[in-house]
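Student:
Protein chains: 2
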Amino acid sequence: MPSKTFNIALDTQAFDQMTAKQKQIISAAIDLFSEKGYANTSTKEIAAKAAVAEGNIFSTFHNKRGLLEAIINPVLRSIFPTTAQLSTVTQPAPYKSLRDYMYDFCTERLAFLKANRQVIKIFVAEIIYNDKLRQRLIKDFPASNRYWLQMADNLDQLKAQKLLVNWDNIKILKTIWSVMGGSVLGYLFFDQPIKTATLEQNIDTATRLLAYR
Amino acid sequence: MPSKTFNIALDTQAFDQMTAKQKQIISAAIDLFSEKGYANTSTKEIAAKAAVAEGNIFSTFHNKRGLLEAIINPVLRSIFPTTAQLSTVTQPAPYKSLRDYMYDFCTERLAFLKANRQVIKIFVAEIIYNDKLRQRLIKDFPASNRYWLQMADNLDQLKAQKLLVNWDNIKILKTIWSVMGGSVLGYLFFDQPIKTATLEQNIDTATRLLAYR
DNA sequence: ATATTTTGAGTGAGCACTCAATCAATTTCC
DNA sequence: GGAAATTGATTGAGTGCTCACTCAAAATAT
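Quick note, the sequences are listed as chains A and B, same order. The opening residue of the first sequence carries number 1 in this note's numbering; numbering runs sequentially from there. The opening residue of the second sequence carries number 1001 in this note's numbering; numbering runs sequentially from there.
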């Protein structure tokens, strides 16, 4: 089995400290959960795919839900990336045009999506019926982490430059994701690759909707 | 328990022929599946909520999946409504403006969504991990049912009137739903009511994106 | 030799599903 | 009209199975 890379956040700390067998378990669980769903996957299956005894899952992750959380928590913490991941988008750059910014923002977030497709799929599916997880996401959404502040800075700057419409930042974010949403869902759940042309179209659309007026 | 109304399609034929107990089962299953998910709901629970013996579920619906399909199939058949449901939107009317059309279209589909919220939630959740269901949806999407043909007619007419951008109809539909998507998902899974103001904004946005140019 | 990790048969609980028995409505016969 | 017979719906204890999870023993590392 090829080793799985984890782009998600800095839980690589935790991940690096795991034994090989524990990594195998996480890896197998990600494959199975994302393919068949959490509820439809048994711990026996996971152990078999990970080439590990079933008991190993429980000595490491306490119970099945603990395994799920070990997979999901990193996503929750890095949907909005942490300091170490800051890309060009979030660094204060005087963008020449709104489209430039949109392009950077969308490609960066899409790279994150592609790098963590399986885990995000598990996360999204789980959020449908998991109230606590949903509450946490809603609560954390406008959290004052550095990423969000940085992004708000950029948006405010673009507004000052009269490149961006003068809406509040949440509404702007919602608009962007509304435009991207179809492609993202298609990619996550319908295995539709996001073509460059489609991405460009989405970026154009978002730019048009958010242009200064 | 107040009797549940089923706005979905004409499976009311089938539904009307059911005995009271069978209707109770469907109703209880819809409540439980939409709240906790199919996989997390036991037939014993359903029977208890329906005030019916567990065996009744199996004599009527053969197995648990049969019960799910009895709930889901009508949605699949009426995501695009059938003849009897045709509202103003789908009737050939010379719309004075693109916004008029958008308004009618969006409010009609939103009414459908509201009237069938639970069942659509079950359907959407199920489609994530059910390949066969997904295939059927993709296959049926541009099906030549009367609704779709009628809608295509309307769109073509709007194009001829130079009110609507000259894209192909699928792309137009995708654009509309992309704009509405955020509100729809929020309503389905986050219990966020769709405010009139938000709806109006969405309609404005869609109109702007699809205006003739 | 000791400590730690790994193992997998074993466990009770809960699952979807069965089926012989019971009940209720309708039909048959006198 | 009413008793008896027939039919079909309804019941829920019972069944086999799979599930998440345990733990004493075995393997491995120190």
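By construction, the Cβ of each residue, glycine as well, lies at the ideal position given by its N, Cα and C atoms.
What does the alpha-carbon distance come out to for the pair TRP1148/B and TRP1167/B?
Tutor: Straight-line Cα distance between these residues: approximately 16 Å.
Student: Closest to LYS159/A by CA distance: which of PRO74/A, ALA28/A, TYR212/A and ALA47/A is it?
Tutor: Of the listed residues, the one whose Cα sits closest to LYS159/A is TYR212/A.
Student: Applying the criterion that 16 or more other CB atoms from any shown protein chain within 10 Å of the CB defines a buried residue, is ASP104/A buried or exposed?
Tutor: Its Cβ being crowded by 16 or more others within 10 Å, ASP104/A is buried.
Student: Against chain A, does TRP1177/B count as a neighbour if the rule is that its beta carbon must be under 8 Å from one of theirs?
Tutor: Yes, its Cβ sits closer than 8 Å to a Cβ of chain A.
Student: Let me check understanding here. Comparing Cα to Cα, which of LEU209/A, THR19/A, GLU200/A and ASN40/A lies closest to ILE122/A?
Tutor: Ranking LEU209/A, THR19/A, GLU200/A and ASN40/A by Cα distance to ILE122/A puts ASN40/A first.
Student: Roughly how many angstroms separate the alpha carbons of LEU164/A and LYS174/A, rounded to a whole number?
Tutor: If you take the alpha carbons of LEU164/A and LYS174/A, they lie about 14 Å apart.
Student: I want to verify the contact list: residues of chain A whose CB lies under 7 Å from the CB of LYS1174/B, in sequence order.
Tutor: Here the neighbours are GLY182.
Student: How far does the alpha helix (DSSP H) with ILE172/A in it extend, from its first residue to its last?
Tutor: Residues 169-190.
Student: Pairing CB atoms from the region 46-53 of chain A with CB atoms from the region 25-34 of chain A, are three or more of them under 8 Å?
Tutor: The answer is yes - the region 25-34 of chain A touches the region 46-53 of chain A, with three or more Cβ pairs under 8 Å.
Student: Between ILE1026/B and chain A, is there a C-beta pair that is closer than 8 Å?
Tutor: No, ILE1026/B lies away from the interface with chain A (no Cβ there is under 8 Å from its Cβ).
Student: Identify the residues that DSSP records as bridge partners of LEU1210/B: which are they?
Tutor: DSSP output for LEU1210/B lists no bridge partner at all.
Student: Assess contact between the region 174-184 of chain A and the region 1177-1193 of chain B, defined as three or more Cβ pairs (one per stretch) separated by less than 8 Å. Is contact present?
Tutor: Short answer: they touch.
Student: Determine, using beta carbons only, whether LEU209/A comes closer than 8 Å to chain B.
Tutor: Yes - at least one Cβ of chain B is within 8 Å of the one on LEU209/A.
Student: Which residues in the same chain as LEU210/A place their Cβ atom closer than 7 Å to its Cβ, once the five residues preceding and following it in sequence are excluded?
Tutor: If we look at LEU210/A and ignore the five residues flanking it on each side, its Cβ neighbours are LEU98, LEU164, VAL165, ILE172 and THR175.
Student: Answer yes or no: does any C-beta atom of chain B fall closer than 8 Å to that of PHE189/A?
Tutor: Yes, PHE189/A lies at the interface with chain B (some Cβ there is under 8 Å from its Cβ).
Student: When you compare only the Cα positions, how much space is there between GLN1085/B and SER1059/B?
Tutor: Unreliable placement is indicated for GLN1085/B, whose pLDDT of 49 sits below 50; no coordinate value is reported for it.
Student: Find out if the Cβ-Cβ distance for the pair SER34/A, GLN118/A is shorter than 8 Å.
Tutor: Yes.
Student: Just to confirm, is the Cβ distance from ALA218/A to GLY37/A under 8 Å?
Tutor: Because chain A spans 1 through 213 in this model, residue 218/A falls outside it and cannot be assessed.
Student: Using a C-beta cutoff of 8 Å, does TYR1147/B count as contacting chain A?
Tutor: Answer no: the Cβ-Cβ gap between TYR1147/B and chain A never drops below 8 Å.
Student: Determine the direct distance from the alpha carbon of GLY55/A to that of GLU69/A, and round the result to whole angstroms.
Tutor: Taking the straight line from one Cα to the other gives about 18 Å.
Student: Does DSSP put LEU1155/B in a helix, in a strand, or in coil?
Tutor: LEU1155/B falls in the helix class under three-state DSSP.
Student: Got a sec? Which residues, its chain only, sit under 7 Å from ALA1053/B by beta carbon, not counting five neighbours each side?
Tutor: Contacts found: ALA1047.
Student: Looking at the structure shown, is LEU993/B part of a helix, part of a strand, or coil, going by DSSP?
Tutor: Because chain B in this structure spans residues 1001 to 1213, residue 993/B falls outside the shown range and cannot be described.
Student: Helix, strand or coil: which one does DSSP assign to THR83/A?
Tutor: The pLDDT assigned to THR83/A is 40, lower than 50, so where the model puts this residue is not dependable; a value taken from the coordinates is nonetheless given after this. Three-state result, THR83/A: helix.
Student: Only counting the same chain, and skipping five residues up and downstream in sequence, which positions put a Cβ closer than 7 Å to that of PHE1061/B?
Tutor: These residues qualify, in order along the chain: LEU1067 and ALA1070.
Student: Apart from the five residues on each side of it in sequence, which residues of its chain come closer than 8 Å, Cβ to Cβ, to ILE1030/B?
Tutor: Once the five neighbours on either side are set aside, the close Cβ partners of ILE1030/B are LYS1004, ILE1071, GLN1118, VAL1119 and ILE1122.
Student: Assuming ASN1169/B and LEU1155/B are in contact, meaning their beta carbons sit under 8 Å apart, how far apart are those beta carbons, in whole angstroms?
Tutor: Going by Cβ atoms, the distance from ASN1169/B to LEU1155/B rounds to 5 Å, so yes, they are a contact pair.
Student: CB-CB under 8 Å to CYS1106/B, same chain, minus the five flanking residues each way: which ones, in chain order?
Tutor: Here the set comprises ILE1176, MET1180, LEU1199, ASN1202, ILE1203 and ALA1206.
Student: Rank SER42/A, ALA51/A and ARG77/A by C-alpha distance to the C-alpha of ASN63/A and give the top, closest one.
Tutor: Measuring from the Cα of ASN63/A, the nearest candidate turns out to be SER42/A.
Student: Determine which residues of the region 1108-1133 of chain B have a Cβ less than 9 Å from any Cβ of chain A, and write them out in chain order.
Tutor: Listed in sequence order: LYS1121, VAL1124, ALA1125, ILE1127, ILE1128 and TYR1129.
Student: Can you give me the start and stop residues for the alpha helix (DSSP H) that ILE1025/B sits inside?
Tutor: That run of the alpha helix (DSSP H) goes 1020-1036.
Student: Using a beta-carbon distance below 8 Å, is ALA1039/B in contact with chain A?
Tutor: By this cut-off, ALA1039/B is an interface position.
Student: Would you mind telling me which residues of chain A sit closer than 9 Å to LYS1036/B, beta carbon to beta carbon, in chain order?
Tutor: Neighbours of LYS1036/B on chain A, chain order: TYR129.
Student: Could you check how far apart the C-beta atoms of ILE1127/B and LEU1137/B are, in whole angstroms? I think they sit under 8 Å.
Tutor: About 7 Å; that satisfies the 8 Å criterion.
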